[in-house]
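Beneath this line is the structure, given in C-alpha cells, with notes to follow.
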Amino acid sequence: MTLDSKTPDGPLAEKWDKHKFDLKLVNPANKRKYTVIVVGTGLAGGAAAASLGEMGYNVLNFCIQDSARRAHSIAAQGGINAAKNYPNDGDSIWRLFYDTVKGGDYRSREANVYRLAQVSNNIIDQCVAQGVPFAREYGGLLDNRSFGGAQVSRTFYARGQTGQQLLLGAYSSLMRQVETGKVKMFPRYEMLDLVVKDGHAKGIVTRNLVTGEIKSFAGDAVVLATGGYGNVFYLSTNAKNSNATAAWRCHKRGALFANPCYTQIHPTCIPVSGDYQSKLTLMSESLRNDGRVWVPKKKGDTRKPNEIPEDERDYYLERRYPSFGNLVPRDVASRNAKNACDEGKGVGDTGLAVYLDFANAIERMGEDTVRDKYGNLFDMYERITGENPYKVPMRIFPAVHYTMGGLWVDYNLMSNVPGLFVLGEANFSDHGANRLGASALMQGLADGYFVIPYTLGDYLANAGVSGTAIDSVEFQDAEEEVNAQIDKLLSINGKKTVTDFSRQLGLNLWNNVGMARNEKGLNTALKEIPELKTEFWSELKVPNDKASLNKNLEFATRVADYFELAELMARDALERTESCGGHFREESQTEEGEALRDDENFSHVTAWEYTGEGKAPNLHKESLEFKNVKLTQRSYK
Amino acid sequence: METMTLNLKVWRQKDTNSTGGLVAYTLETVSTHMSFLEMLDVLNEKLLAEDGDPIEFDNDCREGICGMCSLVINGVAHGPWNGAATCQLHMREYKDGDTITIEPWRAQAFPVIKDLVVDRTAFDRIISAGGYVSMNAGGAPDANAIPISKSVADEAMDAASCIGCAACVAACPNASASLFTAAKISQLALLPQGHPERAERVLLMVEQMDSEGFGDCSNHAECEAVCPKQISISHIARMKREYMKAALMAK
Ligand SMILES: Cc1cc2nc3c(=O)[nH]c(=O)nc-3n(C[C@H](O)[C@H](O)[C@H](O)COP(=O)(O)OP(=O)(O)OC[C@H]3O[C@@H](n4cnc5c(N)ncnc54)[C@H](O)[C@@H]3O)c2cc1C
Ligand code: SF4
Ligand code: FES
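Protein sequence lines correspond, in order, to chains A and B.
For this note's numbering, count along the first sequence from 1 and bump the result up by 5.
FYI, this note's numbering numbers position 26 of the second sequence as 23, with every residue one higher than the one before it.
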C-alpha cells in the first residue's frame, strides 16, 4: 500500500486556495440526495454536522451522551489559538504555522498545519457571530493571552471555560439544523462498527444505549469525530465516556492507525488520592506562570512543606532550565516530575506528587492579585483536595491528557478507506508528536467548519449517491459480529469487573508506555498486555442485561478494544527508537538527559494496518518533507 | 486516611414504566478523599461482586462542566455544596454513620430511564426552538467588527456558563425550566449578534418550554440556590421583560 497524502502542489501559502478550486462541487439541488453519517458531537463532529446540514446534506448525527452539548470538548479550559494578530505583537499565519510545526517536533505535515493556521482566523469570526462570549478588553475588543510558552498573545478565551463556550456555539448551530430537519440527532447511541461495501464506507452499526437495540444506518459517507483515546490509560483528564472504540473498529475494517504511541502527558493535574480514583482533573498550566515547582532535596522527607527550609528544597526546573524555568514545555515538565518521584523525592501520602508553590507569588503580588488571576483554579483545587493553596503549596502530578495519534487521513481528512473521513482528536493530522496548548480546539473547529464542507463534496461528487440498503449482506455481517461480541462478553461470568481490568491495563501502559519508554519496558508491555487480554476474555464479569441501560457492558466493549490498541501503542513506541515530542525513548537522549530526535531515520508517520486477530500488523510509512521550516533540536536550557 | 461507614438509600427503578423505590445499602470504608460519584463507583463494584445489579447514574466529565451528573442528595439537587455539581461533591462532607438518600431529578418532563438516569432531551428541544443565531459557517464578519463592552460581555458569559444539568427544574416546586431557558435568552439578548432574532427567539423558546410540560415560574428562587453555576434569577426577570416586549410587538 502506498500512502498518498494528496497534498496539493504549489507554494505552501497557495495550496489550500488552489485545492478548493480544484475540488469538485455537489450541485446545491443535489445535496439533499446525499446522506452523511457524522459520529460525534464534540467541536469537530458538532461543527461538521451543523455545517453539512447548513449546506443541505441530510445528516445523521450520533453521540454517546444524552445530549450533543455534553461531548468531552466541553471540558477544555484554556483557550483557542488564532493568527489574528489583534495585539499587534508580530503574529501571523506564518508564525502560527511555524510554531505549530516546531511544537509538534517536526512530525506533522507542513501543508496541513499551514491550512490550519490559515483558517484559524475564520474560526474566531464564526464563533463571535454565533454569540460565543469571548473575554474582552475595556474598549470592547477581544482579549488575547499568551499560552503554553508562545512568544505572542494569540489565545482567545472565555474565562476558564473556552471549550464549553465553543462547543455550545457549535451545539446551537447544530440544534438550528435539527429544527430545520436537515440533521437528525441520535443521542445515547454508540457506534460499534463501520460497514464497508465495495471498498467504500457506507454506514455504521450502533447500539441504542437505552434499549440495547443493535441498529444499522446507511449513508453516502461516514464522518468520524469521536475524540481521542487517552482513557486507554484508565486514569486521564478525559471524560469517563471518552473511548477508542469507533476509531478502533474502523481500523479493524481497514483504516490505518497512525502514530499510536504519541500521547501527551499534562504536567499540572491534581494527583491520585487512592485506589478508587476514577479520573484526573487538569489545572490550567497558566499556573506555572507564577507557581514554583519543587521537591525536598532529601529522599523520603516527610516534613510538612512549610517546615522544609529554603536551602533544603530543589526547584529542579529552575535549576536545570535556567532560561525557561517553570515554563518549559509540557513534556519536559512532566518527565522531570516523574524523575523526581522515581528518585524518592515525591511528596504527599502517595509520594507521587511535586509541589507547585505560590508563596513567592503571594509575597510579590499580594494574595488579592493572585486570587484575581487564579482564584477559580485555587477554588477547584481546594474543593477536590480540601487543602488551601494560599496557605500550603499545591501538589501536582502529570496525567494523560491528549492523544496526537489517531486514524491516518490525507489532506482531505479522508482515511485510506474511501468515504470514511476522520476529524478532530480522532485523526492524527496536525500536531505531530506533541500538541501545543490551545491548538486542539482550533483543529477540531477547523476540520468541522472549514475543511470537511469542501473535501466531502469532492468525494460525494465523484462517488455519486450510493443507495446502499441496510439489508445488504455487509450490514448483516457487521451486525452479527457486534451481537456476537456482546453475547460473548455477557456469557463469560467471571470474577473481575471491567473497572478492575481497565485499571490494570492502564497502569501497565502508564509504567511501560508512559512518560518515558525503553526497549525492555515496551517488550514487557507487549508480553503482559496480551496475557491480560486473555484473562479479560475468561474472567470478566458484567451484569447480564443487554436490553437496557448497562454501563458495565458499554465499558466492556470499550475495554475489549483498549487491549488491542494498547498493544499497538507499545509496538509503535518500540519501533520508534528516537525521542520526539511526547514520546521519550530513554535510549535516545543527549548527554544532559534531554530528548534526542533522529530525523534521518524517523522523519515519517507510522501507519499501521490491521491484519487479523493475533497477527502482527503491517507497518506503512508516510515520509515527511520539510520544505519551509528548518529542523532544529528543541532546547530549553 | 479517614474512613467511615454510610447508610445509603438509593432510588432503584428498572425502566420508565416500572414503579421504583428506595433501596437501603450499607457501605463501609468510604474514604473522606473520595468524590461522591467515586463512592457510588465503590458501591457498584461491591454490588457486582455480590452478583447484584449496579446502580445506573449519569456522569461524564466529573469536573462540573458537562452537566451530565444529576442526583438529588438528601432532598437537594446536586447535594449540599453551593455552586457545585454532584460530581464535585467530596465525601469529607459526611461523617461516620450518616444516612444519605439519593434520588433522580423528578419532573414530568424528565421521565426516569433507569435508576437515577432521566431523559432530559426536552432541554435540547427548547434550544432548537430558537437558542441560536441563524448564521451559516463562512459568512461571518471580522470578530472585532462589533465592539462589545466588557461588562455586557461578562454578563453574557455569566448566563452562558449554564451547563444544562436541569438541577433548576429538579429544585423548583413547579418543575419550571425558566432558569435554563432564561440563561440562553439572556445571553443572546445581551449580545448584539443575538438582536436580529431577539423577539422571535423568546416567543419560540418560551412556547417550547411550556409545551414540554414544565411548570410556571412563581419566584421561589430554589433554582438559583442549587444551580452549580450560580446563574442568577435576574435572567428570568430579563426573559419576562423580553417576552412582554416581544408579545406586545407581535400584536
Ligand atoms: C481537561 C481538558 C482540557 C483541555 N483544554 C484544552 C484547551 O484549553 N485548548 C485546546 O485547544 N484543547 C484542550 N483540550 C483538548 C481538546 O479539548 C480536545 O482535544 C478536543 O475537544 C477534542 O474534540 P473532538 O471533537 O475531537 O472530540 P470530543 O469532544 O471528545 O467528542 C467526541 C464525540 O464523539 C462521540 N463518540 C465517541 N465515540 C463514539 C461512538 N462509538 N459512538 C457514538 N459517538 C461516539 C462522543 O459522544 C462525543 O460526542 C483539553 C482536553 C482536556 C481533557
Ligand atoms: S441554569 Fe443552572 S441548574 Fe439550570 S440547567 Fe443551567 S446550570 Fe443547571
Ligand atoms: S459529570 Fe460532568 S458536570 Fe458532573
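Here a beta-carbon is modelled for each residue, glycine too, at the ideal position from N, C-alpha and C.
All figures in this text were calculated on a predicted structure; none of them were measured in a lab.
Check whether chain B comes within 9 Å of D295(A), counting only Cβ atoms and requiring the distance to be less than that.
no
Expressed to the nearest angstrom, what Euclidean distance is found between the alpha-carbon atoms of S76(A) and E25(B)?
A quick correction: the sequence has Ala, not Ser, at residue 76(A). Roughly 34 Å between the two C-alpha positions.
Q594(A) by DSSP, collapsed to three states: which one?
strand
Taking the alpha-carbon of Q105(B) as reference, which of S231(B), H192(B) and C169(B) has the nearest alpha-carbon?
C169(B)
Please decide whether M520(A) counts as near chain B, where near means a Cβ-Cβ distance under 9 Å.
no
Mind pulling the chain B residues with CB within less than 8 Å of G279(A)?
M(-2), S28, H30 and M31
Using a Cβ-Cβ distance under 9 Å, would W102(B) count as near chain A?
no
Would you list the one or two residues that DSSP bridges to W8(B)?
L19(B)
Hey, quick one: how far does the alpha helix (DSSP H) through R159(A) stretch, first residue to last?
Neither: R159(A) is in no alpha helix (DSSP H) and is coded neither H nor E.
Which same chain residues end up closer than 7 Å to Q205(B) when comparing Cβ atoms and leaving out the 5 residues on each side of it in sequence?
R122, I123 and A126
Beta carbon of I646(A): closer than 8 Å to some heavy atom of ligand 1?
The question about residue 646(A) has no answer, for chain A in this structure spans 6 to 642.
At least one CB of chain A closer than 9 Å to the CB of H87(B): is that the case?
yes
Could you spell out the range, first to last residue, of the beta strand (DSSP E) harbouring W253(A)?
Run containing W253(A): none in the beta strand (DSSP E); it sits in the alpha helix (DSSP H), T250 to K257.
Given the structure, does I182(B) come close to ligand 2, in the sense that its CB is under 8 Å from one of the ligand's heavy atoms?
no
What's the gap between the Cα of P193(B) and the Cα of M132(B)?
11 Å
For F120(B), return the contacting residues in chain A, with the cut-off set at a CB-CB distance below 8 Å.
S72
Could you give the C-beta distance for C266(A) and M574(A), rounded to a whole number, given that I count them as a contact under 8 Å?
5 Å
Within 8 Å: the Cβ of P170(B) and any heavy atom of ligand 2?
no
I want to see whether chain B comes within less than 9 Å of K546(A), judged by CB atoms only; does it?
yes
Residues of the region 155 to 184 of chain A with Cβ closer than 7 Å to any Cβ of chain B, in chain order:
A163, R164, Q166, Q169, Q170, L173, S177, S178, M180, R181, V183 and E184
Can the beta-carbon of N439(A) be found less than 9 Å from the beta-carbon of G217(A)?
no
If we ignore side chains and look at the alpha-carbon of each, how far apart do A134(A) and R308(A) end up?
54 Å
Terminal residues of the continuous beta strand (DSSP E) containing D362(A)?
V359 to D362
Please check the pair A468(A) and V31(A), which I expect to be a contact at CB under 8 Å, by giving their CB distance rounded to whole angstroms.
Contact doesn't hold; Cβ gap of about 11 Å is too wide.
Which residues mark the beginning and the end of the alpha helix (DSSP H) in which Q85(B) is found?
Careful: Q85(B) lies outside any alpha helix (DSSP H) and carries neither H nor E.
Does D112(B) come within less than 9 Å of chain A when only Cβ atoms are used?
yes
Paired residues, beta bridge with E100(B) - DSSP:
V69(B)
Nearest to K25(A) by CA position, among K11(A), P92(A) and K36(A), is which residue?
K11(A)
Boundaries of the alpha helix (DSSP H) in which P301(A) is found, first to last residue:
No alpha helix (DSSP H) holds P301(A); the beta strand (DSSP E) holding it covers R297 to P301.
C-alpha distance - Y143(A) paired with G84(A), whole-angstrom precision:
20 Å
For the beta strand (DSSP E) holding T408(A), just list the boundary residues, first then last.
M399 to T408
Taking C-beta to C-beta, are V137(A) and A116(A) nearer than 9 Å?
no
Within the same chain, show all residues whose beta-carbon is closer than 7 Å to that of D50(B), passing over the 5 residues directly before and after it, in chain order.
L44
Between which residues of its own chain and A457(A) is the CB-CB distance below 8 Å, once the five residues before and five after are set aside?
Here residue 457(A) is Ile; the residue named in the question, Ala, does not match the sequence. Closer than 8 Å at Cβ, skipping near neighbours: A53, S56, L57, V228, L418, F426 and L428.
So, with DSSP's three-state summary, where would you put N63(A)?
strand
Under the three-state DSSP convention, the category C224(B) falls into
coil
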